[in-house]
Structures are given as structure tokens and as C-alpha cells.
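First up is the structure itself, then whatever we jot down about it.
In my numbering, the protein residues as written are 147 to 432.
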């Protein structure tokens with residue numbers, strides 16, 4: 147077996163595919179997970195998946211949000227087999243990926259095709275991969291662009307000087323940040339705006355004399371900022387690998403996501419993304 151393929155369907159019906167090599171995969175919101183889900187929809191490491199012969203075995207690691215497998219609840223610590231998994235509002239369809247020429251247990255590998263046909267297919271596939279790698283090498287690696295940052299190093303200040311007005315404005319900014327964070331799984335750039343709103347709320351709570359609420363808002367900003375920066379680094383690395391092996395479909399999804407996250411920014415990496423978007427035909431941010 148080669149690995150596993152996951153089709154992820156969000157509450158709006160949008161789909162994304164993720165392939166994982168090997169016989170184990172983790173699903174959750176943490177940066178180390180093989181299948182990343184939105185922070186609001188899953189725990190850090192929510193489900194573990196293993197390949198057993200030709201079947202997928204799922205183990206729920208957390209009780210909330212609830213996990214169902216093939217429509218039946220999967221309790222924390224329990225094991226189950228299947229392919230249709232739900233974590234909260236997220237749906238995942240999983241299937242094993244077999245090596246070329248391999249067959250699931252209990253199936254016959256005999257065929258009426260001449261033996262040279264599979265070999266020819268493998269040669270053609272290898273040639274396509276090599277051509278993609280040469281194109282990538284000729285066009286150069288993505289620029290590192292060390293100056294590119296998702297967030298400003300300077301925290302925003304409160305635009306209200308009067309303490310009572312500052313407190314009122316802080317509450318508005320906090321509510322706005324929470325709404326933006328809820329929309330982030332569907333519009334990723336809302337996460338960047340939510341960080342700014344949380345930081346503005348923290349500054350205004352501080353100006354209004356509410357240190358405890360200021361600390362809460364600042365902590366929310368840092369958690370969200372860390373999650374987005376982890377996602378940003380992971381997507382950049384994965385995109386380089388996808389382009390190297392010529393996986394255009396998954397590369398399109400990452401290019402669209404990264405362009406949306408970096409909307410309004412400039413630099414060598416942003417210009418490179420625009421060029422890749424045109425070549426791949428990726429939609430999304432403009």
C-alpha cells in the first residue's frame with residue numbers, strides 16, 4: 147500500500163483532497179497533523195487513522211467535538227472501521243491508496259491485458275514526473291522572501307482616549323473578532339482581520355482599565371496568530387512539494403489559499419504566487 151487519500155468537505159460543501167503517505171495519519175487542528183482541520187472544528191489531534199490490510203481503522207482521541215464513523219458515534223478511545231468520518235461539522239471520506247500493480251486482499255491480480263501494458267503505463271507516468279521536476283528546476287524554487295510576514299510587529303493602539311469610550315469600543319472589536327474567527331474556515335483572510343481586531347480590543351480594554359479582559363483578548367490574538375502562522379508555513383512547504391511532483395489539483399488549492407491569506411501584501415513570494423496561479427489556472431484572490 148502506498149498511503150491514504152482524504153476528501154474533506156466543509157459545512158459550506160467546499161471540498162479539498164489530501165494524500166498521506168504511509169500507514170498512519172493524524173487528523174486535527176494542530177500543525178503536526180497530516181490532515182489539518184479548522185481550529186474551531188477539531189481538537190489538536192482528534193482522530194488517528196491506520197491501515198490494516200486493505201481497510202482503514204479509525205481511533206477517536208477526543209470526545210468533543212463528537213466523532214461519527216459511518217453515521218455511528220465513535221467514542222473517545224474506541225476503534226472503528228469505515229470510510230465516512232464526521233468531526234463536528236466537517237466530513238471526511240477516506241480511502242487507501244495502493245501501489246501500482248498491488249491489489250486489495252481477496253482480489254485477483256490476473257488480467258487479460260498483455261504484460262507490457264502496465265510497464266508502459268509506469269514508464270509514461272515516470273516520464274511525466276521527470277518532466278514536471280525539470281520544469282520546476284528550470285523555473286527555480288519559490289523565493290524565501292524572509293521579509294514577508296503575516297502580521298505587523300507593532301500591536302495596534304486604541305483609537306479612543308476616554309476610558310468609557312475605550313471600553314465600549316473594545317467590546318465592539320472583541321465581538322467583531324469573534325465573528326471574523328467564525329468565518330475563517332470559509333474565508334481564510336478573515337483570520338488575519340480577527341487577529342487585528344483582538345489586538346485592538348486588548349489595547350482598548352487596557353486603556354479602559356480592564357486588565358483581565360485585555361489579557362484575554364491578547365491571548366486570543368496570540369492563539370489565532372500562531373495557528374495561522376503554522377498553517378502558512380505548512381502550506382508553503384507542501385506547495386513546493388506538490389509542484390515538484392506535478393500534483394496540479396492540490397497545488398491549485400494551496401495557491402488559492404495562500405493568495406487569499408496574503409491579500410494586500412507585496413514582495414517576491416507574492417509575485418511568484420501570482421505567476422503560479424496563472425500557470426495552474428487557480429482562482430480565488432486577485
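All residues carry an ideal CB built from backbone N, CA and C; glycine is no exception.
- Collapsing the DSSP output to three states places residue 186 in coil.
- Around residue 301, the same chain offers 345, 349 as residues with beta carbons nearer than 7 Å, after the five sequence neighbours per side are excluded.
- Within the stretch 202 to 239, the complete beta strand (DSSP E) segments at least 3 residues long are 213 to 215, 225 to 227, 230 to 233, listed from N- to C-terminus.
- Listed in chain order, the alpha helix (DSSP H) elements of length 4 or more contained wholly in the stretch 371 to 408 are 394 to 407.
- Here the alpha carbons of residue 342 and residue 163 stand approximately 31 Å from one another.
- Residue 198 sits in a strand when the DSSP states are folded into three classes.
- Counting along the chain, the unbroken beta strand (DSSP E) around residue 171 starts and ends at 170 to 174.
- If you draw a 10 Å sphere on the C-beta of residue 210, you find fewer than 16 other C-beta atoms in it, and that means exposed.
- According to the DSSP assignment, residue 152 belongs to the beta strand (DSSP E) that extends over 149 to 155.
- Out of 221, 240, 228, 296, the CA that lies nearest to the CA of residue 377 is found in 296.
- Boundaries of the beta strand (DSSP E) around residue 167: 161 to 167.
- Closest in alpha carbon position to residue 337, among 215, 313, 404, is 404.
- Residue 331 has its alpha-carbon roughly 36 Å from the corresponding atom of residue 308.
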